[in-house]
Amino acid sequence: MKGDPISVANKIKAGCAIKREVLSALVSNSEELRRIAAMSFLLSPKDIDRCLESKCANTRLGAASNPNLTASQARYIIAGETDRAVRDALLFSWRCPPSLLGEVLREGDDRDRYCAAQNLLTPPEDILAAAADVNPGIAATAKRHPLFQPATCRPERSCRPQD
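Note that numbering that gives the first Met the number 0 has the sequence shown beginning at 0, numbered continuously upward.
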């Protein structure tokens, strides 16, 4: 890897790095640089698989936030990841498939369910069911979802559709 870790990290974050630089950063001594590299849009699904199998939690954390993460990779994380930060990164992400969020909200552990109840991509029917959950924390979280917030209008605009 050429350059100091901070310069390389900034180059990756800015989207100016080439794939070779990103792959080189994945084997860096810097955990933070590995995390940033694992989030790169330049990584293929195969590269992301390698990141998800890493012993380094920071690398797995970055991969869980990768924009190219596939639905099967998201399921892999939920099925086997033990690091809480990695699970949370996925469940709070826009990359987590709605069907998986709904499944987690119905059947996951309480912390995973809490995260899924906050994600805007969680299917409405699962949020509605969670609002009546026996766990008061899950129910309260689901009730704070935007689905339960009243629609508001700005005075200068009509709420009714225009003909």
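Cβ coordinates follow ideal geometry from the N, Cα and C atoms, glycine included.
If the criterion is Cβ atoms closer than 9 angstroms, does the pair residue i and residue j meet it?
i: L99; j: A116; result: no
i: P44; j: A24; result: no
i: N118; j: F147; result: no
i: K142; j: A130; result: yes
i: N68; j: R34; result: Note on residue identity: the sequence assigns Leu, not Asn, to residue 68. Contact: no.
i: S39; j: V21; result: yes
Whole angstroms are fine: how far does the CA of residue j sit from the CA of residue i?
i: R94; j: A84; result: 16 angstroms
i: D125; j: G107; result: 13 angstroms
i: A8; j: D48; result: 21 angstroms
i: H144; j: T121; result: 10 angstroms
Go through its chain and collect everything with a Cβ distance to residue i's Cβ below 7 angstroms, but skip five positions before and after it.
i: V103; result: I77, L90, D111, R112 and A115
i: S29; result: P4
i: Y75; result: L51
i: P96; result: A70 and A73
i: S53; result: R59
Might you give, ordered along the chain, the residues of its own chain that have their beta carbon closer than 6 angstroms to the beta carbon of residue i, omitting 5 neighbours on each side?
i: A56; result: D82
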